[in-house]
Amino acid sequence: MDKKASLAALAALGQETRLDIFRLLVRAGPEGVAAGEIATRVGAVQNTTSSHLKILTHAGLIRPERDGRTVRYVADMTGFRDLLAYLMEDCCNGAPELCRPVINAVTCDC
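Numbering of the sequence shown is given in the working numbering, commencing with residue 1131 and proceeding in unit increments.
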(Lines of atoms letter the chains of each structure in order from A and count residues from 1; the text may use other names and numbers.)
(Lines give C-alpha, C1' and ligand atoms only; values in the text may rest on other atoms or scores of the structure.)
Protein backbone atom coordinates (compact mmCIF):
# COMPACT_ATOMS: atom_id res chain seq x y z
CA MET A 1 0.00 0.00 0.00
CA ASP A 2 1.30 3.45 -0.82
CA LYS A 3 0.77 6.78 0.90
CA LYS A 4 -2.17 7.82 -1.30
CA ALA A 5 -4.04 4.55 -0.72
CA SER A 6 -3.40 4.67 3.01
CA LEU A 7 -4.72 8.23 3.19
CA ALA A 8 -7.88 7.13 1.37
CA ALA A 9 -8.37 4.25 3.82
CA LEU A 10 -7.77 6.44 6.86
CA ALA A 11 -10.11 9.13 5.51
CA ALA A 12 -12.77 6.50 4.89
CA LEU A 13 -12.49 5.27 8.47
CA GLY A 14 -12.35 8.82 9.83
CA GLN A 15 -16.12 9.23 9.55
CA GLU A 16 -18.34 7.81 12.31
CA THR A 17 -20.87 5.91 10.18
CA ARG A 18 -18.21 4.44 7.91
CA LEU A 19 -16.22 3.28 10.91
CA ASP A 20 -19.38 1.68 12.32
CA ILE A 21 -20.01 -0.05 8.97
CA PHE A 22 -16.45 -1.34 8.76
CA ARG A 23 -16.56 -2.69 12.31
CA LEU A 24 -19.95 -4.31 11.61
CA LEU A 25 -18.51 -6.08 8.56
CA VAL A 26 -15.42 -7.20 10.46
CA ARG A 27 -17.68 -8.75 13.12
CA ALA A 28 -19.86 -10.38 10.43
CA GLY A 29 -16.88 -12.25 9.00
CA PRO A 30 -16.85 -13.89 5.58
CA GLU A 31 -20.67 -14.09 5.36
CA GLY A 32 -20.87 -10.30 5.23
CA VAL A 33 -24.08 -8.30 5.52
CA ALA A 34 -26.66 -7.36 2.89
CA ALA A 35 -26.56 -3.69 1.86
CA GLY A 36 -30.07 -2.90 3.12
CA GLU A 37 -29.42 -4.59 6.43
CA ILE A 38 -26.26 -2.53 6.94
CA ALA A 39 -28.30 0.68 6.84
CA THR A 40 -30.75 -0.69 9.39
CA ARG A 41 -28.06 -1.99 11.74
CA VAL A 42 -26.07 1.24 11.81
CA GLY A 43 -29.19 3.42 11.93
CA ALA A 44 -28.56 5.28 8.69
CA VAL A 45 -30.63 6.18 5.63
CA GLN A 46 -30.15 3.72 2.74
CA ASN A 47 -29.01 6.25 0.12
CA THR A 48 -26.48 7.73 2.57
CA THR A 49 -25.30 4.23 3.45
CA SER A 50 -24.80 3.53 -0.25
CA SER A 51 -22.41 6.49 -0.45
CA HIS A 52 -20.52 5.26 2.61
CA LEU A 53 -20.24 1.77 1.13
CA LYS A 54 -18.86 3.22 -2.10
CA ILE A 55 -16.19 5.20 -0.23
CA LEU A 56 -15.15 2.16 1.84
CA THR A 57 -15.04 0.02 -1.31
CA HIS A 58 -12.87 2.53 -3.18
CA ALA A 59 -10.56 2.68 -0.15
CA GLY A 60 -10.05 -1.10 -0.42
CA LEU A 61 -11.51 -1.84 3.01
CA ILE A 62 -14.68 -3.67 1.95
CA ARG A 63 -15.89 -5.46 -1.15
CA PRO A 64 -19.33 -6.24 -2.54
CA GLU A 65 -20.30 -9.83 -3.31
CA ARG A 66 -23.38 -10.72 -5.30
CA ASP A 67 -25.64 -13.28 -3.66
CA GLY A 68 -28.38 -13.85 -6.22
CA ARG A 69 -30.31 -10.57 -6.34
CA THR A 70 -28.74 -9.33 -3.13
CA VAL A 71 -25.44 -7.53 -2.74
CA ARG A 72 -23.62 -8.44 0.45
CA TYR A 73 -20.63 -6.49 1.70
CA VAL A 74 -17.63 -8.13 3.33
CA ALA A 75 -14.67 -6.58 5.12
CA ASP A 76 -11.60 -6.87 2.88
CA MET A 77 -9.09 -8.18 5.37
CA THR A 78 -6.27 -7.96 2.82
CA GLY A 79 -6.88 -4.23 2.45
CA PHE A 80 -7.03 -3.86 6.22
CA ARG A 81 -3.79 -5.84 6.66
CA ASP A 82 -2.10 -3.72 3.98
CA LEU A 83 -3.13 -0.54 5.81
CA LEU A 84 -1.74 -1.88 9.10
CA ALA A 85 1.47 -2.96 7.38
CA TYR A 86 1.89 0.51 5.84
CA LEU A 87 1.33 2.20 9.20
CA MET A 88 3.84 -0.11 10.88
CA GLU A 89 6.36 -0.11 8.03
CA ASP A 90 9.00 1.85 9.91
CA CYS A 91 8.34 0.44 13.35
CA CYS A 92 10.92 -1.33 15.43
CA ASN A 93 13.69 0.98 14.27
CA GLY A 94 13.17 0.13 10.61
CA ALA A 95 12.80 -3.63 11.08
CA PRO A 96 9.18 -4.26 10.02
CA GLU A 97 9.65 -8.02 10.14
CA LEU A 98 9.64 -7.69 13.94
CA CYS A 99 6.10 -6.26 13.73
CA ARG A 100 4.80 -8.95 11.36
CA PRO A 101 3.45 -11.08 14.26
CA VAL A 102 1.37 -8.10 15.43
CA ILE A 103 -0.08 -7.57 11.96
CA ASN A 104 -0.81 -11.28 11.60
CA ALA A 105 -2.45 -11.38 15.04
CA VAL A 106 -4.94 -8.58 14.33
CA THR A 107 -5.98 -9.78 10.89
CA CYS A 108 -7.67 -13.07 10.21
CA ASP A 109 -7.81 -15.47 7.30
CA CYS A 110 -11.53 -14.93 6.84
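Think of the CB as a built atom: it goes at the ideal place given N, C-alpha and C, for glycine as much as any other residue. Remember, it's a predicted structure, so these values are computed and weren't measured experimentally.
In this structure, the CA atom of Ser1180 is about 8 Å from the CA atom of Ala1165. A residue is called buried once 16 or more other Cβ atoms fall within 10 Å of its Cβ, and Leu1137, having fewer, is exposed.
In the pairwise beta carbon analysis, the region 1179-1194 is classified as not touching the region 1215-1225: fewer than three pairs are separated by under 8 Å. By the 16-neighbour rule on beta-carbons within 10 angstroms, Gly1173 is exposed.
Nearest Cα to Ala1169 within the set Val1201, Lys1134, Ala1139 and Leu1214: Val1201.
Nearest Cα to Thr1147 within the set Val1175, Met1218 and Gly1198: Val1175.
Secondary structure at Arg1202: strand, using DSSP grouped into helix, strand and coil. In terms of Cβ geometry, Leu1191 and Ala1141 do not form a close pair [threshold 8 Å].
One Cα belongs to Met1218, the other to Cys1229, and the distance between them is close to 7 Å.
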